[in-house]
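Participant: Following our numbering from start to finish, the sequence shown increments by one per residue and tops out at 1515.
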Amino acid sequence: RVERACRSAGFPAETRKFAPHITVARLNRSSAPPAGWLAQHCDCRSEPWPVDSFVLYESRLDPGGSIYEPVMRYRFA
């Protein structure tokens, strides 16, 4: 449904495979630790969904765009 709405608004169709993700924080060397901000602003709730693993990524800004590097994959038993 979202793809159809975007195309009808004039956006090109997305060709990349959908990869659901959550950006927890974007930090640089001068950033304060995010825990305080998250505690005050992130009362996020949703219906439960099955998750068997997650990947922690590091992103680095590059003149050509962000580069995403997997740091660690965590699997749930």
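Even glycine gets a Cβ: it sits at the ideal position worked out from N, Cα and C.
Given a cut-off of 9 Å on the beta-carbon distance, is the pair P1508 and L1499 in contact?
Facilitator: Cβ atoms of P1508 and L1499: not closer than 9 Å.
Participant: Among F1492, Q1478, E1496 and F1456, whose alpha-carbon lies nearest the alpha-carbon of R1511?
Facilitator: That would be F1492, whose Cα lies nearest to the Cα of R1511.
Participant: With DSSP as the reference, identify every bridge partner of D1500, one or two as the case may be.
Facilitator: According to DSSP, residue pairing for D1500 in a beta bridge involves G1503.
Participant: Determine the contact status of V1462 and L1476, defining contact as a CB-CB distance below 9 Å.
Facilitator: yes
Participant: Taking the alpha carbon of R1464 as the reference point, which residue from E1496, E1485 and A1515 has its own alpha carbon closest?
Facilitator: Out of E1496, E1485 and A1515, E1496 has the C-alpha closest to the C-alpha of R1464.
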